[in-house]
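Student:
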Amino acid sequence: MEQNIKQVLITEEELQNKIKELGEQITEDYKGKDLILICVLKGAVMFMADLAKNIDLPLTMDFMAVSSYGSSTESSGVVKIIKDLDTSIEGKEVLIVEDIIDTGLTLSYLLENLKSRGPKSVKICTLLDKPERRKADIKYDYKGFTVPDEFVVGYGLDFDEKYRNLPYICVLKEEVYSK
Ligand code: 5GP
Ligand code: MG
Ligand code: MG
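Every position in the sequence shown, counted from 1, becomes a number in the numbering used here once 5 is added.
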């Protein structure tokens, strides 16, 4: 895969250090509370797994899948629930775990949807923020890194379903995207 990578933006070590910090902060903030982490599949799967290991609380986890990007790199603006939660979030302290906020359309939909289910609170933890293309006014509570307006892959984020297994965040060479 190495030959397809143009530039590494965030190294494995930088990711792990930041996730440790976030985990400690979340542990502080949710002490004594009934926390549920909600992973937005599939992009947030690596982040969710590492983050959860760094939160020292008896939390629960659930998973949700929504569509907003197909195999292309452009947002469709259409959000659809492909896989819903298995459990009720009524009365719970919900923390949505996302890979990246780009236009913000996916999360603004998800936020309203989850809020309507009667949780005690809903907060957002995003690994990456790409602020330049924001369309929806989204306020997150925890963030890993800000990235420039480039299509990034790795550590859960895909291009055409591939490159999720890279342990760092990077940009691919132009010829890979245009294939
Ligand atoms: P949004 O609705 O905020 O535009 O983004 C929705 C989803 O699109 C993100 O959760 C992520 O899965 C995907 N996405 C947005 N920007 C990127 C990117 O730079 N790289 C990859 N691989 N996915 C992205
Ligand atoms: Mg996502
Ligand atoms: Mg994707």
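Ideal placement from N, C-alpha and C gives every residue a C-beta, glycine not left out. Here the structure is a predicted model, which means the values were calculated and not measured.
Apart from the five residues on each side of it in sequence, which residues of its chain come closer than 7 Å, Cβ to Cβ, to residue 63?
Tutor: Correct list: empty, nothing qualifies.
Student: Going straight from the alpha carbon of residue 148 to that of residue 33, what length do you get?
Tutor: If you take the alpha carbons of residue 148 and residue 33, they lie about 16 Å apart.
Student: Hey, could you find the ends of the beta strand (DSSP E) residue 149 is sitting in?
Tutor: That run of the beta strand (DSSP E) goes 147-151.
Student: Hey, how far is the Cα of residue 181 from the Cα of residue 9?
Tutor: Taking the straight line from one Cα to the other gives about 7 Å.
Student: What does DSSP give as the partner residues of residue 57 in its beta bridges?
Tutor: DSSP lists no partner for residue 57.
Student: To the nearest whole angstrom, what separates the beta carbons of residue 132 and residue 104, a pair I think is in contact under 8 Å?
Tutor: Yes, they are in contact, since the Cβ atoms of residue 132 and residue 104 sit about 5 Å apart, within 8 Å.
Student: Taking the alpha-carbon of residue 43 as reference, which of 118, 174 and 173 has the nearest alpha-carbon?
Tutor: Comparing Cα positions, the closest option is 118.
Student: Whole-angstrom Cβ separation of residue 99 and residue 127, contact assumed at under 8 Å?
Tutor: Confirmed, Cβ separation roughly 5 Å.
Student: Identify, in the order they occur along the chain, each residue of the same chain with its Cβ nearer than 6 Å to the Cβ of residue 124, setting aside the five sequence neighbours on each side.
Tutor: Here the set comprises 94, 97 and 99.
Student: Anything with a beta carbon under 7 Å from a heavy atom of ligand 2 counts; list them all in chain order.
Tutor: Working through the chain, the matches are 45, 48, 49, 103, 104, 105 and 111.
Student: For residue 163, verify whether its CB is less than 7 Å away from any heavy atom of ligand 3.
Tutor: At least one heavy atom of ligand 3 is nearer than 7 Å to the Cβ of residue 163, so yes.
Student: I want to check one thing, is the minimum distance from the CB of residue 109 to the heavy atoms of ligand 1 below 7 Å?
Tutor: Yes, since a heavy atom of ligand 1 falls inside the 7 Å radius drawn around the Cβ of residue 109.
Student: So, using beta-carbon positions, are residue 169 and residue 177 closer together than 8 Å?
Tutor: No; because the gap between Cβ atoms is not below 8 Å, this pair is not in contact.
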